[in-house]
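One structure is given here, and the rest of the page talks about it.
Numbering (this note's numbering), first residue to last: 18 to 91.
This is the structure we're talking about:
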């Protein structure tokens, strides 16, 4: 697994935004890197994750999810 989103203690956070870390499988991390790098101009992973989260929340709010939100078996 690869962890991203480590916050520096010296940075002040925006009061309208919250930070958190996620862990991705290495294959997903690599695919996300490639996806961002393939765009012109290249896109950062943070932007791609924010876009995915907003899309998920919009679909949920409109009851248009294309997949169930079941937890995978551990």
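Backbone N, C-alpha and C fix where the C-beta goes; we use that ideal spot for every residue, glycine too.
This one's a predicted model, so the numbers in the text were calculated from it and none came from an experiment.
Do residue j and residue i have their beta-carbon atoms positioned less than 8 Å apart in this structure?
| i | j | result |
| --- | --- | --- |
| residue 50 | residue 63 | no |
My output table needs one value for residue i: the three-state DSSP class, helix, strand or coil.
| i | result |
| --- | --- |
| residue 40 | strand |
| residue 72 | helix |
| residue 87 | coil |
| residue 51 | helix |
| residue 65 | helix |
When you compare each of the options to residue i by their alpha carbons, which one comes out closest?
| i | options | result |
| --- | --- | --- |
| residue 41 | 34, 66 and 33 | 66 |
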